[in-house]
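For reference, each letter of the sequence shown is one residue, going 1190 to 1554 in our numbering.
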Amino acid sequence: MTTAQKLSFDVQLSDHARTVAEREQVLANPGFGQSFTDHMISVDYTEGEGWHDARLMPYGPLTLDPATSVFHYAQELFEGLKAYRQVNGSIATFRPYANAARFNASALRMAMPELPEDAFVESLELLVQADKDWVPTTEGHSLYLRPFMIATQPALGVNYPSRDYKYMVIASPAASYFSGGVKPVSVWLSTEYTRAAPGGTGFAKCGGNYAAAFVAQRQAVAQGCDQVVWLDAVEHRFVEEMGGMNLFFVFGDRLVTPALTGTLLPGITRDSIIAMAGELGLRVEEGRISIEEWQAGCESGELTEVFACGTAAVVTPVGSVKGADRAWTVGDGGSGPVTLKIRDELVGIQYGSRPDAHDWVHKIC
Ligand SMILES: *Cc1c(COP(=O)(O)O)cnc(C)c1O
């Protein structure tokens, strides 16, 4: 029922938007997720009534009752995608309907209401149009869009999901993850902690998954590594993914990526790479790879490259691997040619310098 609901957004433009000079100062060095634009989207949901009060409004803080259920039981989910300044000057996002569908898949798992896909995409369009001057023109930079939903009923009962929700979108200019070139990351194999178990929430982009991951990420850093690689929760042997990126293993012209078994996040970057691999002369298998196969493949030279992929960092090489009782290097520890070819192709499509054969680019303005 809710998926057929048509929303109309009220537009309240900010009367205290940042000046051109203030905006230019942020855009000169945006970092990631630190500064936000002048507007945001807010849509409320009430059981029985559905979605209502859809609006674009000035960016600002929320006032919430301390009993609001999201603070206690973490009924929350989010999405992440980017608006890219195209080489011809227009602005576009990449596969926003795929994010809308994943948002609703997460919502079903978290017993939260689905948002009509058209309303999700329209909310992004309205925010990007209002804040279009915040979409960086610097090569490789973008405007990161963060849709999310929280449970807003002020009630501590733990037996039922919230009756009320709020959907929002905020936007943050983002620098290239690759400033200073494509830097390979070092990864830590987490055998003490797991991210997701069968039947759990691994496939949902819900905040709790990330809250539970920080301790392992901190352990990775303490071990001198950049990122965690999560292993399966049953045998602690099979590779699942990284903290916010999916993994691909390159055996010459054959790519292997862990299959979507419900415990890993179905990345849209992952899906895009699978879809375009054939055009780049590569074969893809969705399967299973153990840490023993990973190490043996690198030692025999059969496994030539490993890369991680996701919206934030696009495609990042994995240079070295460390675990409690083992450590090894992938290839020569640098960025391999297959990784760079895939990255260039994807970035080219996203910024409009390569043909968009799959109709993935969604023009906004
Ligand atoms: C968001 C995310 C990804 C990557 O998804 P994309 O749609 O490609 O950005 C991968 N793993 C996790 C855990 C994530 O949260």
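Glycine residues also receive a C-beta, built at the ideal position from the N, C-alpha and C atoms.
> Apart from the five residues just before and just after Ser-1542, which ones in its own chain have a Cβ nearer than 6 Å to its Cβ?
Replying inline: Within the sequence shown, residue 1542 is the residue found at index 353, counting from 1. If we look at Ser-1542 and ignore the five residues flanking it on each side, its Cβ neighbours are Val-1276.
> Can you name the residues that DSSP bridges to Thr-1282?
Replying inline: If you number the sequence shown from 1, residue 1282 lands on position 93. DSSP, once it has assigned bridges, lists Ala-1272, His-1551 as partnering Thr-1282.
> If Glu-1418 sits next to Val-1428, beta carbons under 8 Å apart, how far is it from one beta carbon to the other, in whole angstroms?
Replying inline: As a position in the sequence shown, residue 1418 is number 229, starting the count at 1. As a position in the sequence shown, residue 1428 is number 239, starting the count at 1. Strictly speaking, residue 1418 in this sequence is Val, with Glu absent from that position. Their Cβ separation, rounded to whole angstroms, is 6 Å, which keeps Val-1418 and Val-1428 in contact under 8 Å.
> Taking the C-alpha atoms as reference points, what is the distance between Ile-1457 and Asp-1415?
Replying inline: By 1-based counting over the sequence shown, the position of residue 1457 is 268. By 1-based counting over the sequence shown, the position of residue 1415 is 226. Spanning the two alpha carbons is a distance of roughly 23 Å.
> Along the chain, which unbroken stretches of the beta strand (DSSP E) at least 3 residues long are found entirely within the stretch 1301-1348?
Replying inline: 1331-1340
>> Considering only their Cβ atoms, is the gap separating Ser-1331 from Ala-1363 smaller than 7 Å?
In response: Here residue 1363 is taken as the residue at index 174 of the sequence shown, counted from 1. Here residue 1331 is taken as the residue at index 142 of the sequence shown, counted from 1. Contact flag set, yes.
> Since Lys-1355 sits in a beta bridge, which residues does DSSP pair it with?
Replying inline: The count along the sequence shown starts at 1 and reaches residue 1355 at position 166. Beta-bridge pairing links Lys-1355 to Asp-1233, Ile-1339.
>> Tell me whether the stretch 1472-1492 and the stretch 1438-1450 touch, counting them as touching only if at least three CB pairs, one residue from each stretch, are closer than 8 Å.
In response: yes
> Just how far apart, CA to CA, sit Ala-1319 and Leu-1202?
Replying inline: The sequence position of residue 1319 within the sequence shown is 130, counting from 1. The sequence position of residue 1202 within the sequence shown is 13, counting from 1. Taking the straight line from one Cα to the other gives about 8 Å.
>> Here's the rule: buried if 16 or more other CB atoms are within 10 angstroms of the residue's CB, otherwise exposed. What is Asn-1293?
In response: As a first step, residue 1293 must be located in the sequence shown, where it is residue number 104. Flag for Asn-1293 reads buried.
> Bridge partners of Gln-1239, per DSSP?
Replying inline: Start at 1 with the first residue of the sequence shown, and residue 1239 comes out as number 50. The sequence shown places Gly at residue 1239, not Gln. Per DSSP, Thr-1235.
> Counting pairs of beta carbons, one from the stretch 1451-1468 and one from the stretch 1428-1441, are three or more of them closer than 8 Å?
Replying inline: yes
>> Does the beta-carbon of Gly-1222, which I'm using as the reference point, lie nearer than 6 Å to any heavy atom of ligand 1?
In response: Stepping through the sequence shown from its first residue, residue 1222 is reached at position 33. It does not: the Cβ of Gly-1222 is nowhere closer than 6 Å to a heavy atom of ligand 1.
> Just to confirm, are Leu-1266 and Ser-1295 a CB contact at a threshold of 7 Å?
Replying inline: Position 77 of the sequence shown holds residue 1266. Position 106 of the sequence shown holds residue 1295. Yes, they are a contact pair.
> Applying the criterion that 16 or more other CB atoms from any shown protein chain within 10 Å of the CB defines a buried residue, is Cys-1430 buried or exposed?
Replying inline: Here residue 1430 refers to the residue found at position 241 when the sequence shown is read from its first residue. In the sequence as presented, Cys is not what sits at residue 1430; that position holds Glu. Glu-1430 comes out buried.
>> Could you tell me the alpha carbon to alpha carbon distance between Met-1190 and Asp-1307, rounded to whole angstroms?
In response: If you number the sequence shown from 1, residue 1190 lands on position 1. If you number the sequence shown from 1, residue 1307 lands on position 118. Any reading at Met-1190 must be qualified, since the residue scores a pLDDT of 45, below 50, and its modelled position is unreliable; the value itself is stated next. Approximately 14 Å between the Cα atoms of the pair.
> Rounded to a whole number of angstroms, what is the C-alpha to C-alpha distance between Leu-1492 and Arg-1532?
Replying inline: Translated into the one-based positions of the sequence shown, residue 1492 becomes position 303. Translated into the one-based positions of the sequence shown, residue 1532 becomes position 343. Cα-Cα distance, rounded: 19 Å.
> Ser-1224 and Ser-1365 look like a contact to me (Cβ under 8 Å); what is the Cβ gap, rounded to whole Å?
Replying inline: Looking up residue 1224 in the sequence shown gives position 35. Looking up residue 1365 in the sequence shown gives position 176. At roughly 16 Å, the Cβ-Cβ gap does not stay under 8 Å, so Ser-1224 and Ser-1365 are not in contact.
> For Ile-1553, does the count of other Cβ atoms within 10 angstroms reach 16, so buried, or fall short, so exposed?
Replying inline: Sequence index remark: in the sequence shown, residue 1553 carries index 364 (1-based). That one is buried.
> What does DSSP give as the partner residues of Pro-1362 in its beta bridges?
Replying inline: Taking the first residue of the sequence shown as position 1, residue 1362 is located at position 173. Its beta-bridge partners are Leu-1332.
> When DSSP labels each residue in this structure, what does Leu-1535 get in the three-state scheme?
Replying inline: Numbered from 1 along the sequence shown, position 346 holds the residue referred to as residue 1535. Three-state DSSP puts Leu-1535 in a helix.
> Hey, how far is the Cα of Ala-1393 from the Cα of Lys-1321?
Replying inline: The sequence position of residue 1393 within the sequence shown is 204, counting from 1. The sequence position of residue 1321 within the sequence shown is 132, counting from 1. Distance between the alpha carbons of Ala-1393 and Lys-1321 is about 30 Å.
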